Amino acid sequence: MNSATSRLWLSAFVFTAFGAASMGGTRPANAQDVFEPAARQGYYLALGLRNGWGVVHDSDLGLLDLMPNLGLTLRTGQVVNDHLGLGIFIESGGGAGRKWLGSYGTLAMEGQYIPIANENLALRGGIGLAFLGVARRDEAKKRDDDPTGDLGTLYKLGMSYDWFPAYDPGDGSGGFAVTVFAEGQFLSAGDLWSSTVFVGVEASYWFGFDRSRLTLSEDQAFEP
577 MNSATSRLWL
587 SAFVFTAFGA
597 ASMGGTRPAN
607 AQDVFEPAAR
617 QGYYLALGLR
627 NGWGVVHDSD
637 LGLLDLMPNL
647 GLTLRTGQVV
657 NDHLGLGIFI
667 ESGGGAGRKW
677 LGSYGTLAME
687 GQYIPIANEN
697 LALRGGIGLA
707 FLGVARRDEA
717 KKRDDDPTGD
727 LGTLYKLGMS
737 YDWFPAYDPG
747 DGSGGFAVTV
757 FAEGQFLSAG
767 DLWSSTVFVG
777 VEASYWFGFD
787 RSRLTLSEDQ
797 AFEP
């Protein structure tokens, strides 16, 4: 088994194991558990756009190109306690350098660490399955032995901040947020690898907790 295949199997194992842990870790809290109301609580769903700059490298040809990148991301998951969130995300995008074109797609697990409970800043990282593809921009220069693409592994680490423009603690928890983020991504796929730094923005919705699980005043708790 070559190293590329080994990395792919390792990624699949980690993805499956982390997914099982996520399913186990995201069970609803006990009915008696109550929480201080905060915007960033419960399940979340986010759709985003990200822009970045990176490099693509081939083991035989060396550095292929410097590429600006544009991509879409879809994320969902749950904050399971005051400091931990688990989820899954799908990303796709591509870029164009002076000599090469590139594209990628990912399906991965995400973990979030919230350093200050009930605040909107989070550190987040991910690992999962990915595809990386490349092609020469000038078809006349294409060669039979050019790299084309392969399956592989994605690793990323970054930070995010959720801004809730209309949130009031008296309203309970959850709500619409604009999320800004910055992250670094490394993608290894066979003889190819890429390293990219991204910044982006997401439209996010946090579903929050039911009022019966929040420490509200009696008047607030029974508001419709």
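The working numbering applies: residue 577 is where the sequence shown begins, and numbers increase by one.
Note that CB positions come from ideal geometry on N, CA and C, so glycine has one too.
Keep in mind the model is a prediction, meaning the values are calculated, not measured.
Rounded to whole angstroms, what is the Cα-Cα separation between Phe785 and Gly725?
For Phe785 and Gly725, the distance between alpha carbons rounds to 44 Å.
Residues near Gly734 in its chain [Cβ-Cβ closer than 7 Å; skip 5 each side]
Arg700, Phe757, Ala758, Glu759, Gly760
Whole-angstrom C-beta distance between His633 and Trp782, which should lie under 8 Å:
Going by Cβ atoms, the distance from Trp782 to His633 rounds to 38 Å, so no, they are not a contact pair.
I believe Trp676 touches Val710 by the beta-carbon criterion, under 8 Å. Please report the beta-carbon distance rounded to the nearest angstrom.
5 Å
For Ser635, does the count of other Cβ atoms within 10 angstroms reach 16, so buried, or fall short, so exposed?
exposed
What is the rounded straight-line gap between the Cα of Asp714 and the Cα of Met643?
Each residue's Cα considered, the two are about 16 Å apart.
Residues bridged to Val610 by DSSP?
Paired residues: none, contrary to the question.
Pro613: buried (16+ other C-beta within 10 angstroms of its C-beta) or exposed?
It is buried - the Cβ of Pro613 has at least 16 other Cβ atoms within 10 Å.
Start and end of the beta strand (DSSP E) containing Tyr680?
676-689
What three-state label does DSSP hand Asp830 in the structure shown?
No answer is possible for residue 830: it lies beyond the span of the chain, which begins at 577 and ends at 800.
Reducing DSSP to helix, strand and coil, say where Ala716 ends up.
helix
Could you have a look at Asp747 and say whether DSSP puts it in helix, strand or coil?
Of the three classes helix, strand and coil, the one that applies to Asp747 here is helix, per DSSP.
Answer yes or no: do Leu639 and Val631 have a C-beta to C-beta separation smaller than 8 Å?
yes
Nearest-angstrom Cα distance between Ser579 and Gly702?
Because the pLDDT at Ser579 is just 49, under 50, the model does not fix this residue reliably, and the value given afterwards should be weighed accordingly. Answer to the nearest angstrom: the Cα atoms are 21 Å apart.
For Asp641, three-class secondary structure by DSSP:
strand
Top-ranked residue by Cα proximity to Gly628, from Gly618, Gly671, Pro741, Phe611
Gly671
Counting C-beta neighbours from all protein chains within 10 Å, is the total for Ala706 16 or more, i.e. buried, or is it exposed?
buried
Rounded to whole angstroms, how far is the Cβ of Thr755 from the Cβ of Val777, which I believe are closer than 8 Å?
Separation of the CB atoms of Thr755 and Val777 is rounded to 7 Å, and the pair is thereby assigned contact status at 8 Å.
I think Leu730 touches Leu697, with their Cβ atoms under 8 Å apart; what is that distance to the nearest whole Å?
With a Cβ gap of about 23 Å, Leu730 and Leu697 do not count as contacting.
If you follow the beta strand (DSSP E) that Ile692 is in, where does it begin and where does it stop?
It is not in any beta strand (DSSP E) - Ile692 carries neither H nor E in the DSSP assignment.
Quick check on Arg616: does DSSP put it in helix, strand or coil?
Three-state result, Arg616: coil.
Beta-ladder partner(s) of Asp726, from DSSP
Leu708
Collapsed DSSP secondary structure at Val656 in the structure displayed
If DSSP states are grouped into helix, strand and coil, Val656 belongs with coil.
So the candidates are Lys717, Ile690, Phe752; which of them puts its Cα closest to the Cα of Leu621?
Phe752
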